[in-house]
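Participant: Numbering (this note's numbering), first residue to last: 83 to 774.
For glycine and all other residues, C-beta sits at the position ideal for the given N, C-alpha and C.
One structure, pasted below without further comment.
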Amino acid sequence: MDHKSPPNNHRRLLILIGLLAAALTVYVGVLYNIQVNQHDYYLAKSIRTITRVEKVEASRGVITDRNGRELVSSRSSYNLTFDSSLLSEGDDENLAILRLIKLCQSRQVQWTDNLPITSTAPFSYTLDTLDSTQRSRFADFLQKDLKRVSTNLSPDGITEDLLVSLGLDADALVELLREKYEIPGSFSLADARAVIGVQYELSIRQLVSTTDYAMVEDIDSAMISLLNDGAYAGARITSSSVREYKTDSAAHILGTVGPIWREEYLELKDKGYGYNDRIGRSGVELAFEEYLKGTDGKRIVSTNAEGKITGEYYEKEPQPGSTVELTIDLNLQKSVEDALAQTVSAMSAKDGNTIRGAGATVIKVGTGEVLALASYPDFDLSTYNQDYNILSTDPAKPLWNRATMGTYAPGSTFKPLTAVAALMEGIITPYQKLKTTGHWTYPGDPNSYANCWIYNSSRGNHGSINVSEAITVSCNYFFAQMGYYLGLDKLNEYARAFGLGEHTGIEIGDAAGNLTENRVGENQAPWAAFGQASYLFTPIQLANYIATLVSGGKHCEAHLLKAVKSYDNTQVLSVGNSDAKNTVDISGEALTAVKKGMHDLTTTGSLSPYFKDCVVDAGAKTGTAQVNKDTENNGVFVCFAPYDDPEIAVAIVIEQGGSGSALASTAVNILNAYFSADEVGTAILGENQLMQ
Numbered sequence: 083m084d085h086k087s088p089p090n091n092h093r094r095l096l097i098l099i100g101l102l103a104a105a106l107t108v109y110v111g112v113l114y115n116i117q118v119n120q121h122d123y124y125l126a127k128s129i130r131t132i133t134r135v136e137k138v139e140a141s142r143g144v145i146t147d148r149n150g151r152e153l154v155s156s157r158s159s160y161n162l163t164f165d166s167s168l169l170s171e172g173d174d175e176n177l178a179i180l181r182l183i184k185l186c187q188s189r190q191v192q193w194t195d196n197l198p199i200t201s202t203a204p205f206s207y208t209l210d211t212l213d214s215t216q217r218s219r220f221a222d223f224l225q226k227d228l229k230r231v232s233t234n235l236s237p238d239g240i241t242e243d244l245l246v247s248l249g250l251d252a253d254a255l256v257e258l259l260r261e262k263y264e265i266p267g268s269f270s271l272a273d274a275r276a277v278i279g280v281q282y283e284l285s286i287r288q289l290v291s292t293t294d295y296a297m298v299e300d301i302d303s304a305m306i307s308l309l310n311d312g313a314y315a316g317a318r319i320t321s322s323s324v325r326e327y328k329t330d331s332a333a334h335i336l337g338t339v340g341p342i343w344r345e346e347y348l349e350l351k352d353k354g355y356g357y358n359d360r361i362g363r364s365g366v367e368l369a370f371e372e373y374l375k376g377t378d379g380k381r382i383v384s385t386n387a388e389g390k391i392t393g394e395y396y397e398k399e400p401q402p403g404s405t406v407e408l409t410i411d412l413n414l415q416k417s418v419e420d421a422l423a424q425t426v427s428a429m430s431a432k433d434g435n436t437i438r439g440a441g442a443t444v445i446k447v448g449t450g451e452v453l454a455l456a457s458y459p460d461f462d463l464s465t466y467n468q469d470y471n472i473l474s475t476d477p478a479k480p481l482w483n484r485a486t487m488g489t490y491a492p493g494s495t496f497k498p499l500t501a502v503a504a505l506m507e508g509i510i511t512p513y514q515k516l517k518t519t520g521h522w523t524y525p526g527d528p529n530s531y532a533n534c535w536i537y538n539s540s541r542g543n544h545g546s547i548n549v550s551e552a553i554t555v556s557c558n559y560f561f562a563q564m565g566y567y568l569g570l571d572k573l574n575e576y577a578r579a580f581g582l583g584e585h586t587g588i589e590i591g592d593a594a595g596n597l598t599e600n601r602v603g604e605n606q607a608p609w610a611a612f613g614q615a616s617y618l619f620t621p622i623q624l625a626n627y628i629a630t631l632v633s634g635g636k637h638c639e640a641h642l643l644k645a646v647k648s649y650d651n652t653q654v655l656s657v658g659n660s661d662a663k664n665t666v667d668i669s670g671e672a673l674t675a676v677k678k679g680m681h682d683l684t685t686t687g688s689l690s691p692y693f694k695d696c697v698v699d700a701g702a703k704t705g706t707a708q709v710n711k712d713t714e715n716n717g718v719f720v721c722f723a724p725y726d727d728p729e730i731a732v733a734i735v736i737e738q739g740g741s742g743s744a745l746a747s748t749a750v751n752i753l754n755a756y757f758s759a760d761e762v763g764t765a766i767l768g769e770n771q772l773m774q
């Protein structure tokens, strides 16, 4: 029997084949359109959705001492960065922020929140806790975002009283910001305040067109794992570096780093700086910023739909900052700091004065290299940010660098300069003697006079003495007479030639000090000649003046830079300048006479009991600098060593330290630390720390 398929079955098969062919044709057409016609569009879209470009922060350069010992370096770290541009459609920004805050709280990690309002109700302002950068950013926010404060007002002019007068007490500002950021009513007041703090940080960054916000810096590996596993919306982990201090010495020299001010950012962003970057704020960190700042890199990061990283590569490798080698010797620096601390502590224990400060400088003769620069009291750089409020209000002013910024009357330490001037101007010869009576009167004006210290103590005098002897016994009568003959203009001419009353050139900055000017109808030269007029100099100026003197007149700028090297030490990029800035004309005969007077003071004079413990033959001069009738005199001391071929010059000032001789044992300790029997920089602390 012949079995044939029904005609309807053939028809259905043909229809099915036709439908499949049509579908295949459409699919091929769409695929062709995507893959060929619109290839560039969809490729770009794909790249935008699965890749992002990240800045890779370059580590800051290393700072070393003259012997290559690391003082400051950088170590790699990671930050939790919140970037609202990473949120997907439908993500609630406030919920994403709160989730990260809860993570931080569970880990007991502090996140960046500089909104100057307390974290709990009742709210109050905390404007006094803001540093200058934070205050500037808060002012920008009030002026340019909220538009509630005049833009003509400086950041310091924004006070709590002003804000209250504008109807913006702390509670009112919290409510205003809660509304601005659309914080849900379901959030507790504490949670709302926490989220507002993060939103505030995002807002101040948007003012300068950036979205990156380093919410938590230097996170640990455990937190990194939690962030990677938790798919926290808007969060990403970014690489960074933090400053690591290898010494607790030289804080005033090394200086600090801090955030960039908004005004600075507008200028620095074209130089490769980001809004969250840190920049040198003081000391060496500021002075050599151009070398220490590295060049940031660029990294392309790929992620999948869930935000997991699937790949990354560097488009541009980061280049670390250069190595800055300083002239200071770390061991000597420690010894100088210890010597100052011991002396001041002993003085304070004796008289109860807890705000006494001190400064000391050691300079290499003939080069201007600063081997040590100490200021007391000092501070710890590793805890500077946490301690800032305490340090900035401490009446002893530990943040103030007395060695470079403190200006003090030189007292009798100025007499060697007067001696040089008198010898070189032919007013006296090295062996010529002058009869002194102890009570010097200005010619023609008996009411204008100067007494020698020996006259004040016993109505005595030093008899007939030459210039070397006048230095050794520190005779005011002798030097008042020299000042009268020289005149103030000539004295000031020599003072400037020695670098006094002018900036020393040191890279971290210093005070210029002050030279005495003649009052109308008066000649201040006799008093200026023995350091008791209105001369004011810094310890670093005094050390450099003595270095210039004992070098035979070679005046170099004081400097901290020995060399700058590339991070891989393959290139020397810069070196410190040890050339003479000018040369003071000092004859060999004059130099010998002045040095002899300073040498005799340490060998046969009043300082010999202290210098018997010194490991090297030295010359010195003390100074007792008057402050006012109600305050004890400052102690000033300068010295050099070795006597025959000077290598270093030292200057010390101790506020309200009494006579300069009280600093003699401190100076001996410093000289012994340098001229160690074993090696330079090994401290040998002698006895008799303080004159009894």
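Please list the segments of the alpha helix (DSSP H) lying wholly inside the stretch 358 to 443, counting only runs of 4 or more residues, in order along the chain.
Facilitator: Qualifying alpha helix (DSSP H) stretches, in chain order: 365 to 369, 371 to 374, 412 to 433.
Participant: Please report the Cβ distance between Ala485 and Gly441, rounded to the nearest whole angstrom; I am assuming they are in contact, meaning their Cβ atoms lie under 8 Å.
Facilitator: About 4 Å; that satisfies the 8 Å criterion.
Participant: Mapping DSSP to helix, strand and coil, what is His784?
Facilitator: Outside the modelled stretch of the chain, which goes from 83 to 774, sits residue 784, for which no answer is possible.
Participant: If you reduce the DSSP assignment to three classes, tell me which class Val339 lands in.
Facilitator: The answer is strand: DSSP assigns Val339 an E or B state.
Participant: Expressed to the nearest angstrom, what Euclidean distance is found between the alpha-carbon atoms of Met564 and Lys572?
Facilitator: Cα-Cα distance, rounded: 11 Å.
Participant: Would you list, in sequence order, the uninterrupted beta strand (DSSP E) runs of no fewer than 3 residues that lie entirely inside the stretch 699 to 739?
Facilitator: Qualifying beta strand (DSSP E) stretches, in chain order: 701 to 707, 716 to 723, 730 to 736.
Participant: Please classify Glu639: is it buried, with 16 or more other beta-carbons within 10 angstroms of its beta-carbon, or exposed?
Facilitator: Result: buried.
Participant: Buried or exposed: where does Glu171 fall if 16 or more other Cβ atoms within 10 Å of its Cβ makes it buried?
Facilitator: Label assigned to Glu171: exposed.
Participant: Excluding the 5 residues preceding and the 5 following Ser268 in the sequence, name in chain order all residues of the same chain whose CB lies nearer than 8 Å to its CB.
Facilitator: Within the same chain, Ser268 has no close Cβ partners at all.
Participant: DSSP three-state label for Asn483, please.
Facilitator: Coil.
Participant: Return the chain-ordered list of same chain residues with a C-beta closer than 7 Å to the C-beta of Ser430, the five sequence neighbours on each side being excluded.
Facilitator: Once the five neighbours on either side are set aside, the close Cβ partners of Ser430 are Thr436, Arg438.
Participant: Using the three-state DSSP reduction, which class does Ile306 fall into: helix, strand or coil?
Facilitator: Reduced to three states, the DSSP call for Ile306 is helix.
Participant: Closer than 8 Å by C-beta to Thr146: which residues in its own chain qualify, once you throw out the five before and the five after it? Chain order, please.
Facilitator: If we look at Thr146 and ignore the five residues flanking it on each side, its Cβ neighbours are Glu152, Leu153, Thr405, Val406, Glu407, Leu408.
Participant: Measure the beta-carbon distance from Thr500 to Ile547 and round it to whole angstroms, keeping in mind my assumption that it falls under 8 Å.
Facilitator: So it is not a contact: roughly 14 Å between Cβ atoms.
Participant: Pick from Thr475, Asp650, Ile553, Asp661: whose alpha carbon is nearest that of His512?
Facilitator: The question names His, but residue 512 in the sequence shown is Pro. Here the closest residue by C-alpha is Ile553.
Participant: Consult DSSP for Phe619 and reduce its assignment to one of helix, strand or coil.
Facilitator: Strand at Phe619.
Participant: Within its chain, find whatever has a CB closer than 8 Å to the CB of Lys644; leave out the 5 residues flanking it on each side and keep chain order.
Facilitator: Here the set comprises Arg148, Glu407, Leu408, Thr409, Glu451, Val657, Gly658.
Participant: Tell me the residue span of the beta strand (DSSP E) that contains Tyr490.
Facilitator: Unbroken run through Tyr490: none, as it is neither H nor E.
Participant: Three-state secondary structure (DSSP) at Tyr207?
Facilitator: Tyr207 falls in the strand class under three-state DSSP.
Participant: Which residue marks the beginning of the alpha helix (DSSP H) containing Phe778, and which one marks its end?
Facilitator: Nothing in the structure corresponds to residue 778, since the chain is present only between 83 and 774.
Participant: Are the CB atoms of Val324 and Arg363 within a distance shorter than 9 Å?
Facilitator: Going by C-beta atoms, Arg363 is not nearer than 9 Å to Val324.
Participant: Please go through the same chain and pick out, in chain order, the residues whose beta-carbon is closer than 7 Å to the beta-carbon of Ser331, but skip the five residues on each side of it.
Facilitator: Within the same chain, Ser331 has close Cβ partners Leu412, Gln415, Lys416, Glu419.
Participant: Excluding the 5 residues preceding and the 5 following Gly316 in the sequence, name in chain order all residues of the same chain whose CB lies nearer than 8 Å to its CB.
Facilitator: Same-chain partners within the cutoff: Phe164, Asp165, Ser166, Leu168, Leu169, Asp173, Glu175, Ala178, Ile179, Leu182.
Participant: Below 8 Å on the Cβ atoms is my contact criterion, and I expect Phe461 with Ala252 to pass it. Report the Cβ-Cβ distance as a whole number of Å.
Facilitator: That belief does not hold up - the Cβ atoms of Phe461 and Ala252 are roughly 31 Å apart, past 8 Å.
Participant: What separation, rounded to the nearest whole angstrom, lies between the Cα atoms of Ile129 and Glu397?
Facilitator: Confidence at Ile129 is low in this model, with a pLDDT of 49, below 50, so its placement is unreliable and the value that follows should be read with caution. Rounded to whole angstroms, Ile129 to Glu397 spans 15 Å at the Cα level.
Participant: Find the nearest neighbour of Glu737 within the set Ala274, Lys328, Gly100, Ala707, judged by alpha-carbon distance.
Facilitator: Cα-wise, what sits closest to Glu737 is Ala707.
Participant: Spell out the partners DSSP gives Arg325 in its beta bridges.
Facilitator: Ser156.
Participant: Is it true that the stretch 579 to 586 meets the stretch 604 to 612, where meeting means three or more beta-carbon pairs spaced less than 8 Å apart?
Facilitator: No, the stretch 579 to 586 is not in contact with the stretch 604 to 612.
Participant: Classify Gln192: buried if its beta carbon has 16 or more other beta carbons within 10 angstroms, exposed otherwise.
Facilitator: Flag for Gln192 reads exposed.
Participant: To the nearest angstrom, how far is it from the Cα of Leu597 to the Cα of Ser201?
Facilitator: The straight-line gap from Cα to Cα measures roughly 53 Å.
Participant: Note down the Cα distance separating Gly545 from Gln514, rounded to an integer number of angstroms.
Facilitator: So the two alpha carbons sit approximately 13 Å from each other.
Participant: Any idea if Tyr347 is buried or exposed, counting beta-carbon neighbours within 10 angstroms, 16 or more meaning buried?
Facilitator: Buried: at least 16 other Cβ atoms inside 10 Å.
Participant: First and last residue of the alpha helix (DSSP H) that includes His681?
Facilitator: Taken as a continuous stretch (DSSP letters only), the alpha helix (DSSP H) holding His681 covers 670 to 685.
Participant: Determine the extent of the alpha helix (DSSP H) in which Leu245 is found, giving its start and end residues.
Facilitator: Unbroken alpha helix (DSSP H) run through Leu245: 242 to 247.
Participant: Cβ of Leu162 within 9 Å of Cβ of Ile361?
Facilitator: No.
Participant: Where does the unbroken alpha helix (DSSP H) through Thr475 begin, and where does it stop?
Facilitator: That run of the alpha helix (DSSP H) goes 466 to 475.
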